[in-house]
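Down below is the structure, laid out as structure tokens.
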DNA sequence: GTTAGCACTCATTAAGAGAGAGTGCTAACA
DNA sequence: TGTTAGCACTCTCTCTTAATGAGTGCTAAC
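Structure (structure tokens):
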């Protein structure tokens, strides 16, 4: 059996109506709402075919039909009119992005909030991957007696600071000298590489200021460990999920919010992480908690290099056209901001 | 009518049972479960008295009784056995607090997590109040051409960094000189005071490096504005609320989580913010969303100075004894960590 | 003052009836 | 041969009704 033009029209009608109402839709209602020029009986026959093709399904005998995952997939791939974001939305994004924000973490959390507000979905933003970033520079600053602030600047623009014990009191010159050695050896290396080979070398060169070096190295190791594991995902608009009728069940809400607290699981959602825009529908998700959800994600770049991803999460019954348009625009905008910024 | 020993015993029984089961309890059940040496009819009479005293109430005619806010209050003030935390819990807290953590933000978020895990309630932690903290020192560090990193160290130990544009490229010496002026003028002033008087003075003294000064001052003003408004509250274990039978209703969950996103409202919960430990029960809360909740809060100190507060939030039907013991121990432990740390 | 007994109340649960939306199938029609 | 009208049937949802059970307040006896 093949898809013909009429089947496509009917499938589109079903998907659109279900996205709008969240109610299974029957042949009679389609005939009434959409002007397809055929009777409900004809539509009924076509719907039986669509069900055989696996594109729609019945929650139970004698109810209307709802799109299956495959149905949504067909809709997204073949039926959807490409949508652009509204002028109003574009304006909001542009107004927000001209704000003078320098810190990348702020840009990220900003993006996350904006995305969830515009889509009424839950937003996911994966910041610049620390593991992938290269070491830029470090500085020591005096803090308390016996302690210094270690500031680490990475080449992707992030700045971190940590306080470390040094035991003795070193002069500003001595600190600068130590930092100089680190900087000379490490600049431009990815933090992964730093970890593996250089720390030992540096250790040898600076054997005099034992305590400072020890603790700096400890801290670096810690940061590096962090970096490999923890690329925090920024979530926004998690409450929007509660407005979706598919989460009227408290058990589901609980399971969902539980997963929201697990960074690792969230990362998997943004995972299929190829260049450009991805749509993952329902069961295509690897996590069972998200079988009923879809994710629209896209990567963003700095200086031509892909460094992170943003996405929105919602029920499979989401407005794909609108969500895709917004995510797409958002990544472009983000790429632009971050590129200009450096 | 007066409270006598038997009434007290019965009230205690009602509170304890209701805390454990979340079900209204009737006279017969009390007679069966608790060995008070009198029949259910007698208990029934006493319960009528307790209701007249406003200490217990009936959800509806012919159901068991539940404690009223006043009942919990009486229980907390007069009936509760002072409880200490279990050895196991003490050990967990002590083990966690010996971890070498230097940054205060980390200590705070750590505390928050620990607190919610130990109590199975939602934890609230208010970090050192920025507005109250005094300026310690600032540093400029080179970043990109035309930009520097501004590192601000406050005397309460927090470290912040911000990137600012300077337009021209200044040498390390020049930067240091500018920072020197700021440091000399501002050290020891509360950030509130800095805002009001000193910025102008500094501006005059440093009129040469216009761009750098302008942007630093802008940034400082921004930080100061932030400081007055935003003392972020750390929340932990918000999901624990979902396990409480009083939040089986999705509407309530929505309202609750909405408030969780509003920092200002949360602050009000920790507000009655006198020295030491406070118990706020049900309607004593000012926010209507929390009429059914109680808050146990306590302040913590650094060097004898009260700088923040921690608390737990749960349904009025919570285990007050346990919660109070844990919050109390936690603030002591926190005070100790933070004092040692400096 | 305490207790047993009893009529009464109210929430909760289960079962049954009816309505409504929708289906699949058959037969008639263009 | 594709389209349509008609009809019996299915399943959910809602409303009603009845039964159950935990609990109360009151009265009278101990």
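Residue numbers (this note's numbering), protein chains in the order written: chain A, 741 to 1082; chain B, 741 to 1082. All C-beta atoms, glycine included, are put in the ideal place defined by N, C-alpha and C. For clarity, every value in this text was computed on a predicted model and none was experimentally measured.
| Check | Outcome |
| --- | --- |
| Once DSSP output is grouped into helix, strand and coil, what is the label at residue 1082 of chain B? | Reliability fails at residue 1082 of chain B, whose pLDDT of 49 lies under 50, so the model's placement of it is uncertain and the value that follows must be treated cautiously. In the structure shown, residue 1082 of chain B sits in coil (DSSP, three-state: anything other than H, G, I, E or B). |
| Could you say if the stretch 741-760 of chain A and the stretch 1057-1076 of chain A meet the contact criterion of at least three C-beta pairs nearer than 8 Å? | yes |
| Nearest to residue 986 of chain B by alpha carbon, out of B:1008, B:1033, B:972? | B:1033 |
| Using a Cβ cut-off of 8 Å (strictly closer), state whether residue 1019 of chain A contacts chain B. | no |
| Using a Cβ-Cβ cutoff of 9 Å, what residues of the stretch 805-835 of chain A are near chain B? List them in chain order. | none |
| Cβ closer than 9 Å: which chain A residues qualify as neighbours of residue 901 of chain B? | 843, 891, 899, 900, 901 |
| For residue 1040 of chain A, would you say it is in contact with chain B, using Cβ-to-Cβ distances shorter than 8 Å as the test? | no |
| List the DSSP bridge partners of residue 887 of chain B. | B:905 |
| Between residue 1082 of chain B and chain A, is any beta-carbon pair separated by less than 8 Å? | The predicted model places residue 1082 of chain B with a pLDDT of 49, which falls under 50 and marks its position as unreliable; any figure quoted below should be read in that light. True, the Cβ-Cβ gap to chain A drops below 8 Å. |
| Evaluate the contact criterion for the stretch 1045-1053 of chain A versus the stretch 1001-1019 of chain A: three or more CB pairs, one atom per stretch, below 8 Å. | yes |
| Grab the span of the beta strand (DSSP E) containing residue 1026 of chain B for me, first residue to last. | Note, residue 1026 of chain B: premise wrong, no beta strand (DSSP E); not H, not E. |
| Would you say residue 758 of chain A lies against chain B (beta-carbon separation less than 8 Å)? | no |
| Could you name the residues that DSSP lists as bridge partners for residue 800 of chain B? | DSSP lists no partner for residue 800 of chain B. |
| Who are residue 879 of chain A's beta bridge partners in DSSP? | A:891 |
| Per DSSP, what kind of secondary structure is residue 758 of chain A in: helix, strand or coil? | helix |
| Quick check on residue 1053 of chain A - is its C-beta less than 8 Å from some C-beta in chain B? | no |
| Quick check: the stretch 977-986 of chain B against the stretch 850-861 of chain B, are there 3 or more CB pairs under 8 Å? | yes |
| Spatial neighbours of residue 1082 of chain B within its chain, please: CB distance less than 8 Å, with the 5 preceding and 5 following residues excluded, ordered by chain position. | Bear in mind that the predicted position of residue 1082 of chain B carries a pLDDT of just 49, short of 50, making it unreliable; the figure below should be weighed with that in mind. Excluding positions up to five away in sequence, the list reads 897, 1042, 1043. |
| Residues of chain B with a CB under 7 Å from the CB of residue 883 of chain A: which are they? | 893 |
| I'd like to know whether the C-beta of residue 992 of chain B is nearer than 8 Å to at least one C-beta of chain A. | no |
| At what residue ranges does the stretch 828-870 of chain A contain a whole run of the beta strand (DSSP E), taking only runs of 3 or more? | 862-866 |
| In angstroms with no decimal places, state the Cα-to-Cα distance between residue 973 of chain A and residue 904 of chain A. | 27 Å |
| At 8 Å on the CB atoms, spell out the chain B contacts of residue 979 of chain A, in chain order. | 994, 997, 998, 1001 |
| So that I know if they touch, is there some Cβ in chain A lying closer than 8 Å to that of residue 850 of chain B? | no |
| Assign residue 885 of chain A to buried or exposed, taking buried as 16 or more other Cβ atoms, counted over all protein chains shown, within 10 Å of its Cβ. | exposed |
| Which residues bound the beta strand (DSSP E) around residue 1053 of chain A? | 1045-1055 |
| Taking the beta strand (DSSP E) that residue 1037 of chain A belongs to, which residues open and close that run? | 1033-1042 |
| Which residues does DSSP pair with residue 976 of chain B in a beta bridge? | B:863 |
| Where does residue 985 of chain B fall in DSSP's three states? | helix |
| Please state whether DSSP places residue 996 of chain B in a helix, a strand or coil. | helix |
| Run down chain A in chain order and give the residues with a C-beta less than 9 Å from the C-beta of residue 950 of chain B. | By Cβ distance, chain A contributes nothing, its closest Cβ being about 18 Å from residue 950 of chain B, past 9 Å. |
| Check whether the Cβ of residue 982 of chain A lies closer than 8 Å to any Cβ atom in chain B. | yes |
| Please name the residue or residues paired with residue 1017 of chain A in a DSSP beta bridge. | A:1038 |
| Using 8 Å for Cβ pairs, my map puts residue 899 of chain A next to residue 909 of chain B. What's the rounded Cβ distance? | Incorrect: roughly 19 Å between the Cβ atoms, too far for contact. |
| Taking only beta-carbon positions, decide if residue 800 of chain A is within less than 8 Å of chain B. | no |
| With DSSP run on the structure shown, which of helix, strand or coil describes residue 1087 of chain A? | With chain A represented from 741 up to 1082, any question about residue 1087 of chain A goes unanswered, as that position is not in the structure. |
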